[in-house]
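Protein chains in written order, with this note's numbering: chain A, 0 to 214; chain B, 0 to 214. Even glycine gets a Cβ: it sits at the ideal position worked out from N, Cα and C. Below is one structure, written out as structure tokens; the observations come after it.
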């Protein structure tokens, strides 16, 4: 499968490398075609990894991953070109973090809106699935959780797209909990803030979520 | 210890019975002194269990638990009498659930406010700790989670009050994750909605939260 990655940060690199490890082709997109991070990453990952612009990566991907800073989603998606994403599964990993008051960050939007819903509004013809926003980049691919599998919570309006993401998550080492339509991003983005706040207070950034069933 | 319980529903009964099981005295408060649920509960629990009004229970408790419907917090706390709660630890278990659009419910407030903050504003002289809002009443006391301990997330402005609640949670079978000031209720109340939404979609209401550390 061809995967377009929008964003060259730690999340983009972690997920890009994971898709490469599973045998896929990945183009990492950024504002400039020759972005330093993207070119270096592609050099390390070999011939199935390439670098391009946001537009290039959006057009390249059969599946596209949004891995930019949440507050930049609109600007990035305009550069990517909504028409390049028509009908495609777009995994939204972002959180609308506001660092203006320092650490831990706050959410820039919430309760009556979310980054997930915003992304779906900006891309009405794409099939947006919120995923990967509730864990750190170091845990996204096959984390060692002491023999347990973590739960990745997802949300999205398209059941077919969520089935695709569920398969990907299974290969990435996660169980999936589907919270329904994309508006459930209003709960998933605060969950990110719960672990970020805990991590900022304790210095431990290595946590995955799990729902434990009581007997 | 004397525990005042504000609310006679499943949460009030579960937590009231838990405090009784640990040897405490509990008065269950409601609008009417002779509330049917409270009187029946006190009858089952024996001589350390009593029933009274919200005012009675607030005055009785050295520690007080708010276990009403979140959207009724203000009305209940006015009946309880803020002066009766001065200096006391008040555990806020509530979620501001709006069922007007059916199941799953939505949050009536969020992002820039929360039930936890609202309760602390209504009781400026009480030491409010958000706790128990992220699990169902059946799991609150010593849930059997297959040998694992669940994580209870808490928030509050008073470190001494949180130390008290942490001790209680330990006796109740929970590890505690402290997210800082009461404004972190903005994350804990959406976490409730995440599990409620999952439960409403799957019929499984028996989940506790756990943060799994990656190795």
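> Count the other CB atoms within 10 Å of the CB of residue 142 of chain B; is the residue buried (16 or more) or exposed (fewer)?
Replying inline: Within the second chain, numbered from 1, the residue matching residue 142 of chain B stands at position 143. Under this definition residue 142 of chain B is a buried residue.
> Roughly how many angstroms lie between the CA atoms of residue 35 of chain B and residue 47 of chain B, to the nearest whole one?
Replying inline: Position 36 of the second chain, counted from the first residue, corresponds to residue 35 of chain B. Position 48 of the second chain, counted from the first residue, corresponds to residue 47 of chain B. Distance between the alpha carbons of residue 35 of chain B and residue 47 of chain B: 18 Å.
>> What would DSSP say about residue 158 of chain B, mapped onto helix, strand or coil?
In response: Within the second chain, the letter at position 159 stands for residue 158 of chain B. Reduced to three states, the DSSP call for residue 158 of chain B is helix.
>> Taking the straight line between their C-alpha atoms, what separation do you get for residue 38 of chain A and residue 163 of chain A?
In response: For the purposes of this step, residue 38 of chain A is identified with residue 39 of the first chain, where counting begins at 1. For the purposes of this step, residue 163 of chain A is identified with residue 164 of the first chain, where counting begins at 1. Their Cα atoms are separated by approximately 28 Å.
> What does DSSP give as the partner residues of residue 24 of chain B in its beta bridges?
Replying inline: Indexing the second chain from 1 puts residue 24 of chain B at position 25. Paired residues: B:1.
>> With the cut-off set at 7 Å, would you say residue 134 of chain B and residue 183 of chain B are in Cβ contact?
In response: In the second chain, the residue the question calls residue 134 of chain B occupies position 135. In the second chain, the residue the question calls residue 183 of chain B occupies position 184. In this structure, residue 183 of chain B does not lie closer than 7 Å to residue 134 of chain B by Cβ.
> If we ignore side chains and look at the alpha-carbon of each, how far apart do residue 86 of chain A and residue 153 of chain B end up?
Replying inline: Translated into positions along the first chain, residue 86 of chain A becomes position 87. Translated into positions along the second chain, residue 153 of chain B becomes position 154. Using only the alpha carbons, I get a separation of about 42 Å.
> What did DSSP end up calling residue 65 of chain B once you bin it into helix, strand or coil?
Replying inline: Walking along the second chain from the start, residue 65 of chain B turns up at place 66. Strand.
>> Under 8 Å, CB to CB, which of the residues in the region 107 to 125 of chain A have a partner in chain B?
In response: 108, 109, 110 and 111
>> Which of the three DSSP states is assigned to residue 19 of chain A in this structure?
In response: Start at 1 with the first residue of the first chain, and residue 19 of chain A comes out as number 20. Looking at residue 19 of chain A - three-state DSSP - the assignment turns out to be helix.
> Should residue 103 of chain A be labelled buried (16 or more other beta-carbon atoms within 10 Å of its own) or exposed?
Replying inline: Working through the first chain from its first residue, we reach residue 103 of chain A at position 104. Looking at its Cβ environment, which holds 16 or more other Cβ atoms inside 10 Å, residue 103 of chain A is buried.
>> Please report whether the beta-carbon of residue 205 of chain A lies at a distance below 7 Å from any beta-carbon of chain B.
In response: Taking the first residue of the first chain as 1, we reach residue 205 of chain A at position 206. It does; some Cβ of chain B falls within 7 Å.
> Leaving out five residues before and five after residue 61 of chain A in sequence, what residues of the same chain have Cβ atoms less than 6 Å from its Cβ?
Replying inline: Within the first chain, the letter at position 62 stands for residue 61 of chain A. Closer than 6 Å at Cβ, skipping near neighbours: 0 and 1.
> Rounded to a whole number of angstroms, what is the C-alpha to C-alpha distance between residue 82 of chain A and residue 54 of chain A?
Replying inline: By 1-based counting over the first chain, the position of residue 82 of chain A is 83. By 1-based counting over the first chain, the position of residue 54 of chain A is 55. So the alpha carbons of these two residues sit roughly 10 Å apart.
> So what does DSSP say about residue 111 of chain A, is it helix, strand or coil?
Replying inline: In the first chain, counting from the first residue as 1, residue 111 of chain A sits at position 112. Of the three classes helix, strand and coil, the one that applies to residue 111 of chain A here is coil, per DSSP.
> Which parts of the region 89 to 135 of chain B are runs of the beta strand (DSSP E), unbroken and 3 residues or longer, counting only runs that do not cross its ends?
Replying inline: 126 to 129
>> Can you look up residue 142 of chain B in the DSSP assignment and give me helix, strand or coil?
In response: Looking up residue 142 of chain B in the second chain gives position 143. It is coil, neither helix nor strand.
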